[in-house]
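Undergrad: Protein sequence lines correspond, in order, to chains L and B.
For the first sequence, position 76 (counting from the first letter as 1) is numbered 76 according to the numbering used here, and the numbering increases by one without interruption.
For the second sequence, position 100 (counting from the first letter as 1) is numbered 1100 according to the numbering used here, and the numbering increases by one without interruption.
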Amino acid sequence: MKKLLVFLPLILFIMVASFFFYALQVRKERPVSELASALIDRPFPEFELQTLEGQMINRNALVTGEVTLVNVWGSWCIACRAEHPYLQELAESGVRIVGINYKDPKESAIEWLNRFGDIAEFHIVDRDGRLGINLGVYGAPETYLIDSQGYIRYKKVGIVDDYEWAKIKPVYERLVKQSEAVDSGA
Amino acid sequence: MFMKAISATLLLLSSLNSLAVIDAHEFSSEEIRERYEALIEELRCPKCQNQNLAGSDSAVAEDLRREVFILLEDGHSDQEIRTYMRDRYGDFILYDPPVEGKTLLVWVIPLAMFLLGLLVIFFVVRAATRNAAKNIADDFESEDDEFFAGEDENR
């Protein structure tokens, strides 16, 4: 029995090492650096802000009964340029996209859209980042999927590309089905 | 001249203590300023996750520091501010996670490991002491044997 105890540290080490291996390798696709969103399944926060076109709006302009992709971006954000073509594809396939222009001067934002194209229905100007704080935003690009009632159902920190959309699409389609059920008075 | 050099060096070195970012907030009271400084050390920067809000110069940290300032001046308590941040950024934003549910493990495991360590030390020391005592007793025995064997020889 005593002889076996000698092996105890080795056994513990193997257990801990296997756990770390699992955490690092097997779960690689969910990087630890991404914070899990605290807002999943909660309503999109209230706000009263201007659009890029100067119109004052609130949450009702965002929550119109349609499943929506809310994309946090800025002209200063290089990765947002890389993401843009993918969002363009999504918009063309009928996904409703609303932008949050995050901590960006209006002129730079408008210039960026003129240069790269505008695929959103409108953009909420979050100049000082306070809407971002209410959403738990800490950078760009970040993307939220909200359902037809305005509840946040998915958050992605980072670029939404084909790989990411493959994960979001089932959620999106399920939410669309749900919203159709609500519409038909089910 | 020598004294000047020493003082200058000491002053320079002491400036390293203020490892904080300088924000120009105008506090309405000393008490609020103190609470602010305490809170921004307790809150983690969500972007640079191994820094607190006080030490990070990222944009989000600056925004959150300003938010803490606004909330303090609005009359919120420290606990309300922590809850506010948790509601938006999750438990991770607090360096001290709340003692509940899944975060209980974070508190319990180190404590358990420490107690386990103490137990192991206790048993190891006890075994070693017994072993040492046994060795000494054995030595005495063999010394006795030699002694008495010697007595036989001397007869």
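We put the CB at the ideal spot given by N, CA and C, even for glycine.
What three-state label does DSSP hand residue 46/L in the structure shown?
TA: In the structure shown, residue 46/L sits in coil (DSSP, three-state: anything other than H, G, I, E or B).
Undergrad: Under 9 Å, CB to CB, which of the residues in the segment 113 to 142 of chain L have a partner in chain B?
TA: Listed by position along the chain: 128, 129, 130, 132, 133, 134, 135, 136, 137, 138 and 139.
Undergrad: Name, please, each residue of chain L whose Cβ falls closer than 8 Å to the Cβ of residue 1087/B.
TA: Correct list: 38.
Undergrad: Please list the partners that residue 1059/B has in chain L, where partner means a Cβ-to-Cβ separation under 7 Å.
TA: Simply 103.
Undergrad: What do you reckon, are the CB atoms on residue 86/L and residue 137/L nearer than 8 Å?
TA: No, the pair does not count as a contact, with Cβ atoms beyond the cut-off.
Undergrad: Can at least three beta-carbon pairs, one atom from the segment 175 to 185 of chain L and one from the segment 145 to 156 of chain L, be found at a separation below 8 Å?
TA: They touch, by the three-pair rule.
Undergrad: So residue 1067/B contacts chain L; which residues on that side make the cut at Cβ distance below 7 Å?
TA: Going along chain L in sequence order, the residues near residue 1067/B (Cβ under 7 Å) are 133.
Undergrad: Would residue 22/L be called buried (16 or more neighbouring beta carbons within 10 Å of its own) or exposed?
TA: Residue 22/L should be labelled exposed.
Undergrad: Is the segment 56 to 71 of chain L in contact with the segment 118 to 133 of chain L, if contact means three or more CB pairs nearer than 8 Å?
TA: Touching, per the Cβ criterion.
Undergrad: Run through the DSSP bridge pairs and tell me what residue 146/L is partnered with.
TA: Beta-bridge pairing links residue 146/L to 68/L and 152/L.
Undergrad: Taking 8 Å as the CB-CB cut-off, is residue 1110/B touching chain L?
TA: Output row for residue 1110/B: interface = no.
Undergrad: Taking C-beta to C-beta, are residue 1044/B and residue 1094/B nearer than 8 Å?
TA: Result yes, Cβ atoms of residue 1044/B and residue 1094/B sit closer than 8 Å.
Undergrad: I think residue 97/L touches residue 52/L, with their Cβ atoms under 8 Å apart; what is that distance to the nearest whole Å?
TA: So it is not a contact: roughly 14 Å between Cβ atoms.
Undergrad: What does DSSP give as the partner residue(s) for residue 1135/B in the beta ladder?
TA: DSSP lists no partner for residue 1135/B.
Undergrad: Tell me the residue span of the alpha helix (DSSP H) that contains residue 187/L.
TA: Not covered by the structure: residue 187/L. The range shown for chain L is 1 to 186.
Undergrad: Could you check where the alpha helix (DSSP H) with residue 1063/B kicks off and where it finishes?
TA: Unbroken alpha helix (DSSP H) run through residue 1063/B: 1059 to 1073.
Undergrad: If you draw a straight line from the alpha carbon of residue 1147/B to that of residue 12/L, how long is it in whole angstroms?
TA: Taking the straight line from one Cα to the other gives about 49 Å.
Undergrad: Between which two residues does the alpha helix (DSSP H) containing residue 11/L stretch?
TA: Segment 8 to 21, the alpha helix (DSSP H) holding residue 11/L.
Undergrad: Under a three-way DSSP split, which group does residue 1095/B fall into?
TA: It is coil, neither helix nor strand.
Undergrad: Strictly below 8 Å CB to CB, what residues from chain L border residue 1047/B?
TA: Under the 8 Å cutoff, chain L gives 138 and 139.
Undergrad: Which chain L residues are close to residue 1117/B, counting only those with a beta carbon under 8 Å from its beta carbon?
TA: In chain order: nothing, as chain L lies at least about 12 Å away.
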